[in-house]
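One structure is given below, encoded as structure tokens.
2 protein chains.
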Amino acid sequence: MTVLAFLDGTLADPGAAHLRVDDLGLMRGDGVFETILVTGGTARELRPHLDRLARSAAMLDLPEPDDEAWQRATRLVIDNWRGSPEFAIKLVYTRGVEGDPSATPTAFALGLEISERVVRARADGVAAVTLDRGIDPGLGERAPWLLLGAKSLSYAVNMAAGREAARRGADDVVFTATDGSVLEGPTSTVIIARERTLYTPPATIGILPGTTQAAVFRGAERAGWTTKIEPLTLDDLHGADGVFLASSVRKLTRVHTLDGKTLPDSTPLHRELAEAYETVYA
Amino acid sequence: MTVLAFLDGTLADPGAAHLRVDDLGLMRGDGVFETILVTGGTARELRPHLDRLARSAAMLDLPEPDDEAWQRATRLVIDNWRGSPEFAIKLVYTRGVEGDPSATPTAFALGLEISERVVRARADGVAAVTLDRGIDPGLGERAPWLLLGAKSLSYAVNMAAGREAARRGADDVVFTATDGSVLEGPTSTVIIARERTLYTPPATIGILPGTTQAAVFRGAERAGWTTKIEPLTLDDLHGADGVFLASSVRKLTRVHTLDGKTLPDSTPLHRELAEAYETVYA
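These protein sequence lines are chains A and B, in that order. Numbered according to my numbering, the first sequence spans residues 13 to 294. Numbered according to my numbering, the second sequence spans residues 13 to 294.
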């Protein structure tokens, strides 16, 4: 099941061709996106997702997204969805056609089934490997043209990291900075639990601020947890009671193995935190 | 004038829609490309361009490009071109549609007019600024998953760098590594001239091997120049007799100003080297 809605409020056949070959989203990976989880007819964290879309667009000097139009397109996909009760909506916003001075951005919302692989990872956890991202934690603020922390369509490296993980027999990746600090996953935020406190690295080190991570923190705080945003090292991960990857579609996924080393069993902890996260939407 | 040929040998209307929204080239910047200059009906450096396309594809774990089919598509664009005698052909090769196990790559060749801006820069030269790329020169070999030196469709950063240059009142960019060494332009190779020797940095520092740079070197060698591939510093650029940016469409473009500082006038040198480059195709 797939549902496609353009920002002008029209539904279209997702199996048909809709884009010119010279769309800058294709030619240059020049655009931004968001992936939103829908459960029970509600788009989770829609406000933070739309805020982040606007933030990414500003970092790429794209026209400010039409917030209401994006809300309508999201609603249109939800209203026309006939697939699984839990699904994902991708919002895609590109610079439009190359060399056209009057070019309007290409903008659509696409409802998609969540892959079997992600559903399985939610239940079983994942083996992750750390991969050098080659940047230092000060770079994002020093060099905004590198678009660190923008959710751009230029995700070839994020995809290549996933293939490198598979080559190493793992399911997912934790990127590290040149000083050894923990950054993020290619499509997720890193969270660790230690003595009833949750930790995640600050977005200022050049990573994406996590919408799901923020929701997990809200739920955990309600359940009596302390939450802290501070730099993490690999030692912190190996010494934690639980290591998790958070994203819209994977929710909170447990990392059971890191770089081939089995981590302490965080199954009960994961269950508790996953429940705390769900209370945010109860 | 624009001419579009798909890899299966069909011509198509470049103004029409041809791509699904879930093409991974769009969704993830997950594909590779080449830009080739055509003059007098000949695609310059076609062999090196196709070799580099194959190299980039291998770095992204894409299926090996069908070399003959790409040659045919390129020829088809040239044969149907009715625009300016000098034009560009982009070859684009993506992973195809997301989630489709039998997905075939999306592959097309697009003939395009060369922009006024590029033609003007060839004649007048450009002001460039240096921008921190945030990587060290050993990273490319250490971390192949970062795809340094692959010509991927994920060019959002390259485009953002160009906008940063414009904000600083300049036309183009020279990226530098964390140790101060010179990398490349966002869409060009850096060449300097000093005492009848041409220098360019080695591709091993995580940059794209330049097809036009190689052709310029061949032409210059025939004209009695020495050529060297070795690391360059910003001091080398400021102390050079001439600094140039090479790419298929800009050919050899002279940098007249670097970070606001006027460089020594390299107009005669540029004329000599541009002529030497043209002899390669005479």
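Beta carbons: idealized from backbone N, C-alpha and C, even for Gly. In this text, all values refer to a predicted model and were calculated from it rather than measured experimentally.
Quiz item: Can you give the Cα-Cα distance for P149 (chain A) and V33 (chain A), rounded to whole angstroms?
Solution: 37 Å
Quiz item: Thinking C-alpha only, which one of B:G251, B:R180, B:F120, B:R175 is nearest H30 (chain B)?
Solution: B:F120
Self-check item: Helix, strand or coil at L23 (chain A) according to DSSP, with G and I counted as helix
Solution: strand
Quiz item: Which partner residues does A146 (chain A) have in the DSSP bridge list?
Solution: The question names Ala, but residue 146 (chain A) is Gly in the sequence shown. In the DSSP output, where bridge partners are listed per residue, G146 (chain A) has none listed.
Practice problem: Grab me the residues of A81 (chain A)'s own chain with a C-beta within less than 6 Å of its C-beta, minus the 5 sequence neighbours each way, in chain order. | Solution: L19
Quiz item: Count the other CB atoms within 10 Å of the CB of T279 (chain A); is the residue buried (16 or more) or exposed (fewer)?
Solution: exposed
Quiz item: Excluding five sequence neighbours on each side, which residues of the same chain lie with their C-beta closer than 6 Å to the C-beta of D183 (chain B)?
Solution: V138, A139
Quiz item: If you pair each beta-carbon of the region 221–236 of chain A with each one of the region 59–79 of chain A, do three or more pairs fall below 8 Å?
Solution: yes
Exercise. Give the residues of chain A in contact with L143 (chain B), contact being defined as C-beta atoms less than 8 Å apart.
Key: A155, W157
Quiz item: Over what stretch of residues does the beta strand (DSSP E) that includes I204 (chain A) continue unbroken?
Solution: 201–206
Exercise. Report the option in A:F256, A:G27, A:I219, A:L16 whose CA atom is closest to the CA atom of L281 (chain A).
Key: A:F256
Quiz item: From which residue to which residue does the beta strand (DSSP E) around Y211 (chain B) run?
Solution: 209–212
Quiz prompt | First through last residue of the beta strand (DSSP E) which encompasses Y105 (chain B) | solution = 98–106
Quiz item: By a C-beta neighbour count over all protein chains shown, 10 Å radius and 16 as the cutoff for buried, is R179 (chain B) buried or exposed?
Solution: exposed
Practice problem: Measuring only between beta-carbons, confirm whether R64 (chain B) sits less than 9 Å from chain A. | Solution: no
Exercise. Sort out for me which residues DSSP pairs V44 (chain A) with in a bridge.
Key: A:Y105, A:S164
Quiz prompt | Boundaries (first-last residue) of the alpha helix (DSSP H) holding I90 (chain A) | solution = 79–92
Quiz item: For G231 (chain B) and chain A, any beta-carbon pair shorter than 9 Å?
Solution: no
Quiz item: Three or more C-beta pairs closer than 8 Å, one from the region 170–178 of chain B and one from the region 185–200 of chain A: is that the case here?
Solution: no
Quiz item: Mind checking P113 (chain B): buried by the 16 CB within 10 Å criterion, or exposed?
Solution: exposed
Exercise. Could you tell me whether the Cβ of Y167 (chain A) comes closer than 9 Å to any Cβ of chain B?
Key: yes
Quiz prompt | Which of helix, strand or coil DSSP assigns to R129 (chain B) | solution = helix
Quiz item: Which stretch, first to last residue, makes up the alpha helix (DSSP H) that contains G272 (chain B)?
Solution: Run containing G272 (chain B): none; DSSP gives neither H nor E here.
Exercise. Count the other C-beta atoms from every protein chain shown that fall within 10 angstroms of the C-beta of G123 (chain A), then say buried if there are 16 or more, exposed otherwise.
Key: buried
Self-check item: G123 (chain B) - partner residues in DSSP beta bridges
Solution: B:V15, B:I101
Practice problem: Determine whether the Cβ of L285 (chain A) lies closer than 9 Å to any Cβ atom of chain B. | Solution: no
Quiz item: Residues of chain A with a CB under 9 Å from the CB of L31 (chain B): which are they?
Solution: A29, H30, L31, R32, V33, D35, L38
Exercise. Put G197 (chain B) into one of helix, strand or coil per three-state DSSP.
Key: strand
Quiz item: Does any C-beta atom of chain B lie closer than 9 Å to the C-beta of I203 (chain A)?
Solution: no
Quiz prompt | CB-CB length for G21 (chain A) against R84 (chain A), believed under 8 Å | solution = 6 Å
Practice problem: Identify every residue that forms a DSSP beta bridge with V186 (chain B). | Solution: B:T142
Quiz item: Does the count of Cβ pairs from the region 196–210 of chain A and the region 258–267 of chain A closer than 8 Å reach three?
Solution: yes
Quiz item: Touch check for the region 36–43 of chain B and the region 150–160 of chain B: three-plus C-beta pairs under 8 Å?
Solution: no
Quiz item: Under a Cβ-count criterion, where at least 16 other Cβ atoms within 10 Å of its own Cβ denotes burial, should T106 (chain B) be classed as buried or exposed?
Solution: buried
Self-check item: Members of the region 236–266 of chain B near chain A, C-beta cut-off 8 Å
Solution: none
Quiz item: Where N92 (chain B) and L249 (chain A) are concerned, what is the direct C-alpha to C-alpha distance, given to the nearest angstrom?
Solution: 59 Å
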